[in-house]
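Trainee: Here the working numbering is used: the first residue of the sequence shown is 2, the next is one more, and so on. The beta-carbon is built from N, C-alpha and C at its ideal position, and this holds for glycine as well. One structure follows; several queries about it will come next.
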Amino acid sequence: MLAGKRILLIIGGGIAAFKSLDLIRRLRERGATVTPVLTSAAEEFVTPLSTSALSAQKVYRDLFDLTDEAEMGHIELSRAADLVVVAPATADLMAKMAGGHANDLASTLLMATDKPVLIAPAMNVRMWEHPATQRNLKTLAGDGILLVGPDEGDMACGEYGPGRMSEPLAIVDAVEAALKDGPLKGKHILVTSGPTHEPIDPVRYIANRSSGAQGTAIARALSALGAEVTFVTGPADVPPPLGVNVVNVQTAQQMLEAVQQALPTDGAIFAAAVADWRMKSASDSKLKKDKDGTPVLEFAENPDILATVSQLTKGRPELIVGFAAETDQVIENATAKRKRKGCDWIIANDVSPETGIMGGSENAVTLIKDSGAESWPRMTKDQVASRIAHAVAEALT
Ligand code: CTP
């Protein structure tokens with residue numbers, strides 16, 4: 002799927018550089034030509050010889066290598082590619098890019114290129130969360146730089162959190178998306194995500210523990226496969242992915258309206274944890290304990306967005322995927338829910354507190370289709386998302 006595409010791969014100096022060797026292999030398997038560039042720090046982690054052997058290309062290493070300049074100047078090198086990929090993108094490389102530095106080959110190529118640039122950051126969790134890195138990230142996003150990852154997990158430095166470079170296959174997906182060449186190219190997919198907040202009065206609301214992490218990961222994975230994604234999200238803990246159309250809502254009723262506006266789409270994935278009930282009539286002013294005593298909350302049922310869309314006779318997406326958050330008899334309940342709501346697939350997960358799934362970084366799901374149930378091993382929410390996105394791609398193409 003990357004046949005004939007030329008990738009300029011800048012390998013930064015971090016422990017994740019060893020994964021970039023696998024990335025070269027994976028990109029070449031898909032038909033791409035990969036020209037590697039090693040920063041001097043990267044050479045502490047991978048050798049020019051192994052990089053050259055795996056890519057079957059000359060490795061570019063130093064800005065002032067006169068032979069290289071005679072063969073191919075750095076301007077030409079930066080433009081001969083269809084896409085520039087920086088993996089791993091270290092905190093230092095990101096800072097150089099954001100600041101517009103051009104003091105070695107890698108940073109000069111990044112300044113000189115007229116092609117899209119995709120970065121796969123990798124660094125210690127504190128470095129990733131540092132305000133300077135987050136500031137640089139915003140600058141880079143504003144400059145149109147594309148991002149894949151970082152993932153959350155155990156890190157080589159012994160800490161845990163976001164900062165791990167995305168797996169090579171996820172980077173390949175992002176490369177295909179950047180080149181608008183993924184299997185979902187030309188498909189429009191709607192994703193709902195996060196909790197909804199149902200107001201009681203102007204300062205209080207009913208909510209649930211959904212962080213929005215799984216829905217966000219699914220939207221990112223679909224976009225990485227080339228889909229145009231409309232992402233309708235309640236107030237989530239995690240930021241929305243880059244490169245998707247974000248529609249922010251608070252309540253279930255607003256979510257339904259946003260979903261109806263986004264239709265028609267080719268596919269729809271309902272990952273939101275929509276509140277089943279709202280207040281029959283929310284108070285316009287703050288409830289006061291002295292005046293009102295103990296309040297009695299009267300509920301009204303919210304619209305079921307998944308069921309409403311699944312039962313459309315006109316403009317129904319070709320593939321509709323629901324989620325079933327269950328605490329007991331997970332597969333039985335989810336199978337019944339799929340039939341009741343009328344969606345094509347349902348992804349069941351056990352949200353009992355002891356699983357740590359709701360609000361956590363991992364998920365263990367069962368995909369239920371008309372043809373039966375398929376349980377997947379416990380994996381990160383990013384991996385679940387990637388698998389769902391590939392299954393959607395297979396169904397829609
Ligand atoms: N859903 C929805 N609108 C609602 C409630 C749920 O679109 N008002 C969707 C969710 O996004 C999810 C699926 O329906 O894809 C199932 O959600 P879940 O909370 O598990 O089911 P409920 O409908 O709440 O059923 P129950 O309360 O019986 O578990």
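Residue 348 and residue 374: beta carbons closer than 8 angstroms?
Mentor: Not a contact, by the Cβ cut-off of 8 angstroms.
Trainee: Where does residue 132 fall in DSSP's three states?
Mentor: Helix.
Trainee: Specify the secondary structure class of residue 238 as computed by DSSP and reduced to three states.
Mentor: Note: residue 238 maps to coil in three-state DSSP.
Trainee: Should residue 108 be labelled buried (16 or more other beta-carbon atoms within 10 Å of its own) or exposed?
Mentor: Answer is buried; the Cβ neighbour count reaches 16.
Trainee: Please confirm if the region 115 to 132 is in contact with the region 141 to 156, defined as three or more CB-CB distances below 8 angstroms between the two stretches.
Mentor: Yes: at least three Cβ pairs fall under 8 angstroms.
Trainee: With a threshold of 7 angstroms (Cβ to nearest heavy atom), would residue 83 be considered close to the ligand CTP?
Mentor: Not under cutoff, so the answer is no.
Trainee: Run through the DSSP bridge pairs and tell me what residue 195 is partnered with.
Mentor: Bridge partners of residue 195: none, in fact.
Trainee: Do the region 285 to 299 and the region 336 to 343 touch if we need at least three Cβ pairs shorter than 8 angstroms?
Mentor: Output reads no: the region 336 to 343 does not touch the region 285 to 299.
Trainee: Considering only the alpha carbon of each residue, which of 140, 162, 256, 92 lies closest to residue 99?
Mentor: With distances taken between Cα atoms, residue 99 lies closest to 140.
Trainee: Between 85, 15, 35, which lies nearest to residue 91 when the distance is taken from Cα to Cα?
Mentor: Answer by Cα proximity: 15.
Trainee: Look at the Cβ atom of residue 220, then the Cβ atom of residue 245, and state whether they are nearer than 8 angstroms.
Mentor: Contact flag set, yes.
Trainee: Could you give the C-beta distance for residue 192 and residue 272, rounded to a whole number, given that I count them as a contact under 8 angstroms?
Mentor: The pair is a contact, with the Cβ atoms about 6 angstroms apart (cut-off 8 angstroms).
Trainee: To the nearest whole angstrom, what separates the beta carbons of residue 183 and residue 227, a pair I think is in contact under 8 angstroms?
Mentor: Rounded, the Cβ-Cβ distance is 3 angstroms, consistent with contact.
Trainee: Using alpha carbons as the reference points, say which of 312, 82, 212 lies closest to residue 194.
Mentor: Among 312, 82, 212, the Cα nearest to that of residue 194 belongs to 212.
Trainee: Do residue 3 and residue 177 have their C-beta atoms closer together than 8 angstroms?
Mentor: Yes, they are a contact pair.
Trainee: My assumption, with CB atoms under 8 angstroms, is that residue 55 sits in contact with residue 36. Please give the rounded CB distance.
Mentor: That pair is no contact at about 12 angstroms.
Trainee: In this structure, how does DSSP classify residue 152 when only helix, strand and coil are distinguished?
Mentor: If DSSP states are grouped into helix, strand and coil, residue 152 belongs with the strands.
Trainee: By a C-beta neighbour count over all protein chains shown, 10 Å radius and 16 as the cutoff for buried, is residue 384 buried or exposed?
Mentor: So residue 384 counts as buried.
Trainee: Residue 271 bridges to which residues according to DSSP?
Mentor: Beta-bridge pairing links residue 271 to 193, 323.
Trainee: Nearest to residue 239 by alpha carbon, out of 223, 361, 168, 316?
Mentor: Comparing Cα-Cα distances from residue 239 to each of 223, 361, 168, 316, the minimum goes to 361.
Trainee: State the CB to CB distance for the pair residue 200 and residue 283, rounded to an integer number of angstroms; the pair is presumed to be in contact (CB under 8 angstroms).
Mentor: About 4 angstroms separates the two Cβ atoms, so the contact holds.
Trainee: What number of angstroms, rounded off, separates the C-alpha of residue 137 from the C-alpha of residue 263?
Mentor: Their Cα atoms are separated by approximately 32 angstroms.
Trainee: In whole angstroms, what separates the C-alpha of residue 252 from that of residue 61?
Mentor: Straight-line Cα distance between these residues: approximately 53 angstroms.
Trainee: Where in the region 51 to 130 do unbroken runs of the alpha helix (DSSP H), each at least 4 residues long, occur, reported from the N-terminal end onward?
Mentor: Segments of the alpha helix (DSSP H) lying fully in the region 51 to 130: 67 to 72, 75 to 80, 92 to 100, 106 to 113, 126 to 130.
Trainee: On the three-state DSSP scale, how would you describe residue 19?
Mentor: DSSP places residue 19 in helix when its eight states are reduced to three.
Trainee: Between residue 209 and residue 274, which are expected to be in contact by the criterion C-beta below 8 angstroms, what is the C-beta distance as a whole number of angstroms?
Mentor: The pair is a contact, with the Cβ atoms about 5 angstroms apart (cut-off 8 angstroms).
Trainee: Report buried or exposed for residue 297, applying the criterion of at least 16 other Cβ atoms within 10 angstroms of its Cβ.
Mentor: Burial call: exposed.
Trainee: Nearest to residue 115 by alpha carbon, out of 84, 38, 386?
Mentor: Closest option to residue 115, Cα to Cα, is 84.
Trainee: Looking only at DSSP bridge pairs, what is residue 370 linked to?
Mentor: Answer is 373.
Trainee: DSSP has residue 2 in a bridge; who is on the other side?
Mentor: Answer by DSSP bridge pairing: none, since residue 2 is not bridged.
Trainee: Out of 372, 327, 158, which one is the CA nearest neighbour of residue 365?
Mentor: Nearest C-alpha to residue 365: 327.
Trainee: If you run the structure through DSSP and keep just helix, strand and coil, what is residue 11?
Mentor: Reduced to three states, the DSSP call for residue 11 is strand.
Trainee: When DSSP builds the beta bridges, which residues end up paired with residue 147?
Mentor: Partner(s): 119.
Trainee: Kindly provide the ranges of any alpha helix (DSSP H) runs that are 4 or more residues long and lie completely inside the region 322 to 357, ordered along the chain.
Mentor: If we require 4 residues or more, the alpha helix (DSSP H) runs fully inside the region 322 to 357 come out as 331 to 342.
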